[in-house]
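Just below is one structure, and these are the notes that go with it.
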């Protein structure tokens with residue numbers, strides 16, 4: 193009967209099932225059985241009935257206390273986002289004559305992380321020491337997670353270093369994993385990689401893979417995709433077989449690099465198909481983004497079309513990809529298909545939609561979507577949506593309306609918004625708006641040489657040469673250095689990067705000779721590129737690029 197009841201408790205799916213099981217436990221006097229009671233609490237918690245679980249626990253904890261049941265209750269409360277109540281249960285352990293064990297402390301420390309209650313965390317750490325569990329791997333890993341989650345990485349490292357035989361015993365893999373994950377969490381993938389290189393290689397393959405994946409993701413999250421890919425290659429050299437999560441991490445890095453690592457992205461796509469991961473929605477979304485960022489919108493569309501299941505992220509990613517490539521009409525058509533598929537858009541979707549409107553110049557449609565997202569879809573406007581709308585109006589020449597929207601929005605305009613207005617003033621020759629935008633940009637990003645250069649161009653185009661010279665002088669007086677221009681080109685499988693003034697390329701002489709020949713041919717055709725662009729400096733800073741493109 194006991195085993196059958198355990199089976200039934202594990203398969204409850206609604207409140208009626210739970211109540212029936214509880215009634216049967218009471219009638220058969222099994223409600224004091226620690227395993228059945230713990231399973232009952234776990235089932236209630238997983239179904240979201242934590243209050244019911246706690247009421248049953250409270251009745252039994254006084255008459256038949258057992259640490260196993262207390263631990264289950266603490267864990268259940270934490271899973272139900274009731275961290276404060278979980279800590280109250282933990283504190284009540286001593287009042288019923290019990291002592292916390294090696295499972296009590298990790299569950300309680302998880303609640304501490306949820307509440308960011310460091311003072312309670314240090315108290316629990318002291319209690320673990322008093323209980324003689326300061327060397328238990330479960331307690332140590334929970335302490336490391338607690339300290340690193342609260343940005344106390346030095347305290348986490350101290351706990352790790354004080355772990356006896358932490359660098360030798362293979363049973364301590366969870367401690368190594370926690371410490372490496374802690375460094376990734378605080379944005380220090382270099383130290384995480386250093387620990388990974390020294391971690392004992394006697395663990396299970398799953399633990400090794402999780403740790404490698406954590407470091408790859410850490411580099412990608414810190415916008416260091418080259419290092420992320422380098423770690424992935426090292427992982428392959430150590431014969432660690434990547435799973436779908438590792439693929440997702442390295443695809444994220446490939447997406448950041450765009451065309452620089454398109455071949456690697458294509459190889460990963462092939463590997464995804466080979467391993468049977470090609471129907472995983474998250475991987476498909478990552479592939480769409482990777483192909484889009486590398487300039488291959490056809491492959492991005494091919495991946496999207498062949499998806500058997502699409503989420504709002506899938507639709508948003510392809511709409512963003514089309515808008516990013518200047519295919520505004522196709523992006524808006526895709527949004528219409530999304531609505532017909534009855535997939536509800538989110539706030540990110542509307543950033544892509546407004547960006548598409550800006551690329552096509554559909555001002556009225558942009559206005560409609562800007563208002564519809566709030567009144568039809570119930571999505572509140574964020575600064576990114578205002579930025580896209582201002583960019584749309586500015587591109588189309590509605591400068592007064594764009595400036596009015598800046599003054600009315602409930603956010604302080606950032607550099608991207610003022611940069612968008614500066615770019616619009618350059619397009620439409622509005623020197624006054626350009627000057628206003630620059631005054632704000634100088635305060636927000638005084639280091640950006642492109643802002644000064646663009647304002648100088650605006651004045652020059654309007655024939656106000658004194659103001660043009662003054663903008664250049666202002667830049668020099670503030671000590672702002674003009675960033676050198678750069679570009680890259682991919683030939684076969686190799687990407688060549690060129691920076692203005694750099695002579696380090698191995699074929700520099702040959703390239704320079706070819707450019708000299710081209711220049712002579714243009715002169716013969718009576719075209720002088722130097723004089724053509726002499727009064728129109730094209731050094732446009734990041735903030736001067738389309739606002740929507742920065743998201």
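Numbering (our numbering), first residue to last: 193 to 743.
We treat Cβ as the ideally placed atom computed from N, Cα and C, and that holds for glycine.
Short Cβ contact (9 Å threshold) for residue i with residue j
{"i": "residue 421", "j": "residue 445", "result": "yes"}
{"i": "residue 441", "j": "residue 412", "result": "yes"}
{"i": "residue 544", "j": "residue 521", "result": "no"}
{"i": "residue 296", "j": "residue 249", "result": "no"}
{"i": "residue 367", "j": "residue 311", "result": "no"}
{"i": "residue 517", "j": "residue 542", "result": "no"}
{"i": "residue 423", "j": "residue 391", "result": "no"}
{"i": "residue 346", "j": "residue 371", "result": "no"}
{"i": "residue 436", "j": "residue 474", "result": "yes"}
{"i": "residue 490", "j": "residue 447", "result": "no"}
{"i": "residue 616", "j": "residue 589", "result": "yes"}
{"i": "residue 630", "j": "residue 663", "result": "yes"}
{"i": "residue 378", "j": "residue 343", "result": "yes"}
{"i": "residue 252", "j": "residue 229", "result": "yes"}
{"i": "residue 548", "j": "residue 585", "result": "no"}
{"i": "residue 439", "j": "residue 476", "result": "no"}
{"i": "residue 135", "j": "residue 537", "result": "What the structure shows of the chain is the stretch from 193 to 743, and residue 135 is not part of that stretch, so it cannot be assessed."}
{"i": "residue 257", "j": "residue 215", "result": "no"}
{"i": "residue 330", "j": "residue 294", "result": "yes"}
{"i": "residue 557", "j": "residue 595", "result": "no"}
{"i": "residue 482", "j": "residue 443", "result": "yes"}
{"i": "residue 313", "j": "residue 340", "result": "no"}
{"i": "residue 492", "j": "residue 510", "result": "yes"}
Residue i to residue j span [Cα, whole Å]
{"i": "residue 300", "j": "residue 264", "result": "11 Å"}
{"i": "residue 782", "j": "residue 514", "result": "No statement about residue 782 is possible, as the shown extent of the chain runs from 193 to 743 and does not include it."}
{"i": "residue 646", "j": "residue 638", "result": "14 Å"}
{"i": "residue 722", "j": "residue 710", "result": "Residue placement at residue 722 is flagged as unreliable, the pLDDT there being 47, under the threshold of 50; the coordinate-derived value follows with that caveat. Cα to Cα, residue 722 sits roughly 13 Å from residue 710."}
{"i": "residue 632", "j": "residue 407", "result": "39 Å"}
{"i": "residue 350", "j": "residue 323", "result": "19 Å"}
{"i": "residue 494", "j": "residue 222", "result": "58 Å"}
{"i": "residue 611", "j": "residue 306", "result": "39 Å"}
{"i": "residue 501", "j": "residue 468", "result": "15 Å"}
{"i": "residue 204", "j": "residue 235", "result": "7 Å"}
{"i": "residue 691", "j": "residue 471", "result": "41 Å"}
{"i": "residue 276", "j": "residue 302", "result": "11 Å"}
{"i": "residue 359", "j": "residue 245", "result": "For residue 359, the predicted model reports a pLDDT of 43, less than 50, meaning its position is unreliable and no value from the coordinates is stated."}
{"i": "residue 651", "j": "residue 659", "result": "6 Å"}
{"i": "residue 220", "j": "residue 291", "result": "30 Å"}
{"i": "residue 504", "j": "residue 570", "result": "16 Å"}
{"i": "residue 197", "j": "residue 217", "result": "8 Å"}
{"i": "residue 226", "j": "residue 237", "result": "16 Å"}
{"i": "residue 496", "j": "residue 560", "result": "27 Å"}
{"i": "residue 260", "j": "residue 539", "result": "44 Å"}
Residue i in three-state terms, based on DSSP
{"i": "residue 691", "result": "strand"}
{"i": "residue 319", "result": "helix"}
{"i": "residue 247", "result": "helix"}
{"i": "residue 241", "result": "coil"}
{"i": "residue 326", "result": "coil"}
{"i": "residue 722", "result": "Confidence at residue 722 is low in this model, with a pLDDT of 47, below 50, so its placement is unreliable and the value that follows should be read with caution. The answer is helix: DSSP assigns residue 722 an H, G or I state."}
{"i": "residue 298", "result": "helix"}
{"i": "residue 224", "result": "coil"}
{"i": "residue 572", "result": "coil"}
{"i": "residue 309", "result": "coil"}
{"i": "residue 256", "result": "coil"}
{"i": "residue 658", "result": "helix"}
{"i": "residue 717", "result": "coil"}
{"i": "residue 699", "result": "coil"}
{"i": "residue 583", "result": "helix"}
{"i": "residue 290", "result": "coil"}
Exposure label - residue i; buried when at least 16 CB within 10 Å
{"i": "residue 708", "result": "exposed"}
{"i": "residue 657", "result": "exposed"}
{"i": "residue 267", "result": "buried"}
{"i": "residue 337", "result": "buried"}
{"i": "residue 602", "result": "exposed"}
{"i": "residue 459", "result": "exposed"}
{"i": "residue 568", "result": "exposed"}
{"i": "residue 405", "result": "buried"}
{"i": "residue 623", "result": "buried"}
{"i": "residue 287", "result": "exposed"}
{"i": "residue 431", "result": "exposed"}
Check your understanding: Could you give the uninterrupted runs of the beta strand (DSSP E) lying entirely in the region 489-568, keeping only those of 3 residues or more?
Key -> none
Review point. Taking only runs of the alpha helix (DSSP H) that begin and end inside the region 332-407, which ones reach a length of at least 4 residues, in chain order?
Key: 345-353, 365-377 and 381-390
**Study point:** Unbroken stretches of the alpha helix (DSSP H), 4 residues or longer, contained in the region 411-483
**Key:** 417-429, 436-449 and 454-466
Review point. Residue ranges of each alpha helix (DSSP H) run of no fewer than 4 residues wholly in the region 599-656, ordered along the chain?
Key: 607-620, 623-636 and 641-653
Exercise for review: Run through the region 259-284 for me and flag every whole alpha helix (DSSP H) of 4 or more residues, listed as ranges in chain order.
Suggested key: 259-271 and 275-283
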